[in-house]
Amino acid sequence: MRVGVYVDGFNLYYGARKHCGRGTPGWRWLDLRKLVAPLAKWSDSEISRIVYCTARVDAADNATGSVDQAIYLEALSEAGSVDVIAEGRYVSWAKREPLVNEVVGTFRPSVYVHSDETWDARLPLRTTPMSPEQASSAVMATVRKREEKGSDVNVASHLLFDVLVGVVDAAIVVTNDSDLELPLRMARSHVPVGTVNPSTNPTAGALKGRHDDGVGRHWWRRLTAEDYRAAQFPDAIGHLRKPVGW
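Quick note on my numbering: the sequence shown kicks off at 4 and runs consecutively.
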């Protein structure tokens with residue numbers, strides 16, 4: 004059984020960081036083939052294809068991160084850890100957003116309301132009336148929005164193309180992005196699919212299903228910090244060295 008693996012690099016990176024700690028070494032220098040090989044437990048299965056979907060860090064935003072990532076991508080290819088690197092892109096733009104009262108990560112936060120007539124216009128903040136009937140205003144900040152574009156589309160495209168042209172007999176998808184609900188559901192109609200959650204968060208409800216949906220033999224798994232730490236490259240891959248702090 005030929006197994007294709009489709010990795011959402013953005014989800015994988017931030018999932019590993021949540022598991023292992025942002026400032027902690029020992030998880031970034033990740034051998035993807037070593038990470039996913041133990042997961043393919045269908046009878047007579049072997050990993051035949053690994054597609055890693057990512058986007059390059061903009062050197063203008065993070066020069067060191069850009070260099071380190073370039074080394075890692077070269078190491079993945081040099082070591083034969085992946086078969087395809089599909090690249091999306093990062094985009095950023097200015098956008099006006101309301102300030103909220105709660106800390107980062109809070110679901111359904113409440114909007115910070117300003118009712119004092121005095122206002123310091125030197126800050127990049129503006130007030131917007133909550134409604135014509137209310138004297139209070141929401142405080143709007145102009146912020147930089149930065150998003151990774153393309154990884155989810157690339158995962159879906161490679162997954163469905165490989166399934167429909169018959170180059171894989173089963174698939175493993177590493178993501179916790181609920182936007183991939185439809186392509187995963189479609190793939191389950193043709194081949195067994197394993198869904199791997201790289202995060203500490205519960206598996207997104209939209210990605211769940213029944214083991215016997217479609218052709219059946221589907222499964223779900225969540226990675227652990229130990230999985231990441233046990234699947235590291237050696238410090239040197241040919242002429243490439245693991246970045247400092249990794």
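All residues carry an ideal CB built from backbone N, CA and C; glycine is no exception.
Annotation: isoleucine 240 to glutamine 72 spans about 14 Å, alpha carbon to alpha carbon. Take glycine 29, set aside five residues on each side of it, and the residues of its chain with a beta-carbon closer than 6 Å to its own are Arg232, in chain order. Within the region 50-96, complete alpha helix (DSSP H) segments of at least 4 residues are found at 66-81, given in chain order. The DSSP assignment places 173-177, 196-200 as complete runs of the beta strand (DSSP E) inside the region 150-210, in order along the chain (cut-off: 3 residues).
For the pair serine 113 and valine 106, the CB atoms are not nearer than the 8 Å cut-off.
With a 10 Å radius around the Cβ and a threshold of 16 neighbouring Cβ atoms, arginine 213 comes out exposed. Taken through DSSP and simplified to helix, strand or coil, glycine 7 comes out as strand. Around the beta carbon of glycine 208, fewer than 16 other beta carbons lie within 10 angstroms, which makes this residue exposed. In this structure, threonine 206 sits away from histidine 22, with a CB-CB distance that is not shorter than 8 Å. Counting along the chain, arginine 225 sits inside the beta strand (DSSP E) bounded by residues 222-225. If you check the CB distance, glycine 91 and lysine 148 do not come in under 8 Å.
For proline 112, the secondary structure class from DSSP, reduced to helix, strand or coil, is coil. Per DSSP, leucine 15 has no beta bridge partner at all. Scanning its chain for C-beta atoms nearer than 8 Å, with the 5 sequence neighbours on each side dropped, one finds around alanine 40 the residues Ile50, in chain order. CA-CA distance, serine 154 to glycine 219, rounds to 27 Å. Partner residues in the beta bridge of alanine 239, as assigned by DSSP, are Arg244. Secondary structure of leucine 102 (DSSP, three-state): coil.
The continuous alpha helix (DSSP H) containing alanine 228 extends over residues 228-232. By the Cβ neighbour-count rule, lysine 245 is buried, with 16 or more other Cβ atoms within 10 Å of its own. For a cut-off of 8 Å, the C-beta gap from leucine 210 to threonine 198 is around 5 Å, short enough to register as a contact.
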